[in-house]
Amino acid sequence: MTNSAHESTTGEFFPSDSGRVASSAERSPHPDLAAAGACQSAVDEESEKEFVAAQSWLVKSLKEGIFVDLGIDAVHRRARLLTLYRQALVPARAAFDRNTINLGYMPCEKRHQSLIKSLGHDTISLRQAQILLSTAADQPDATSSSELVASHQAAAGELGRTRRKSEFKGKQTEAYPTNHDKATKSRDGSSTSNPSNKNISHVILGKQDTCFCMSRFEPPRHEENMWSFSEVTKIKECGHYFHLECIRHWMVNYFNYSCPSCRTKSPDYRDAK
């Protein structure tokens, strides 16, 4: 190769100081990276986590035959690695935002099955979700889907029957929020309740399940005269959903290109190894 940049698996490139092809020896992980990290006794926990993620990215890149030039100065290799890693995160974050959507979470109950069937999808508007919850609270005996549908139609008009199924399978429409950076999150990465529901416009009637982090999805809570929803992030291509921070770490920070549940690759990553 004569180019000064080496293609990454996301279709972007990582700049390097040399255009030469790496030898097999150069493609093996640098042994003194860990030693350089150990010398940084003053780094805080977050910086150390970032360094570990950067090392993981380096190993992954080298295994895929992508030359990463850290230079010959061992003292500066840590800083060089972190710089290259942060550059690689930029296109990874953009791809993540294109291929996922943020939704509120509401556990699906038996009485919702007919509603889902009539709509043809498991996603409803925030207003519709508020009405369903209020109806269930005010009319605990109205457990049939027909009663819920009738009540819902009276309060909110059309249930969205005219919406095409494809709109909820991943096409970017105004129905879906795109600003992942403003989503509310907790320290442990689990989804958190957002009292004002500012970051969501739609709610998924999801399984009462756990994320791969083994933490459960939080059900809606009634507070300040309204229902507040925890947030989940749904992969458009396959429809599986996770806590935002869990799936962001999986797909962005550690450069995994597929759904952790079904291994389906997002469109941006189909050519990735």
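So the sequence shown is numbered by the UniProt record's numbering: it starts at 1 and just counts up by one.
Cβ atoms here follow ideal geometry from the backbone N, Cα and C, with glycine treated the same way.
Which of helix, strand or coil does DSSP assign to glutamate 45? Helix.
Backbone CA spacing between aspartate 209 and serine 230 [nearest angstrom]: Aspartate 209 and serine 230: Cα-Cα distance of roughly 14 Å.
Span separating the alpha-carbon of alanine 123 from that of asparagine 102: The amino acid occupying residue 123 in the given sequence is threonine; alanine does not appear at that position. The straight-line gap from Cα to Cα measures roughly 12 Å.
Closer than 7 Å by C-beta to serine 261: which residues in its own chain qualify, once you throw out the five before and the five after it? Chain order, please. Answer for serine 261: His240, listed in chain order.
Tell me the residue span of the beta strand (DSSP E) that contains threonine 233. Counted as a single uninterrupted DSSP element, the beta strand (DSSP E) harbouring threonine 233 occupies residues 226–235.
Below 6 Å CB to CB, which residues in the same chain sit around glycine 104 once its five sequence neighbours on both sides are set aside? Excluding positions up to five away in sequence, the list reads Ile200, Val203 and Phe229.
Going straight from the alpha carbon of cysteine 108 to that of glutamate 237, what length do you get? Using only the alpha carbons, I get a separation of about 21 Å.
Roughly how many whole angstroms lie between the Cα atoms of glutamine 128 and phenylalanine 242? About 22 Å.
For arginine 98 and serine 134, I'd like the C-alpha separation in whole angstroms. Between arginine 98 and serine 134, the C-alpha separation is close to 33 Å.
Using the beta-carbon count (16 or more within 10 Å), is proline 267 buried or exposed? Label assigned to proline 267: exposed.
Between the C-alpha atoms of asparagine 253 and leucine 84, what's the straight-line distance to the nearest angstrom? About 13 Å.
Does the separation of the CB atoms of residue 342 and leucine 81 fall below 8 Å? For residue 342 there is no data in the structure shown, the boundaries of the chain being 1 and 273.
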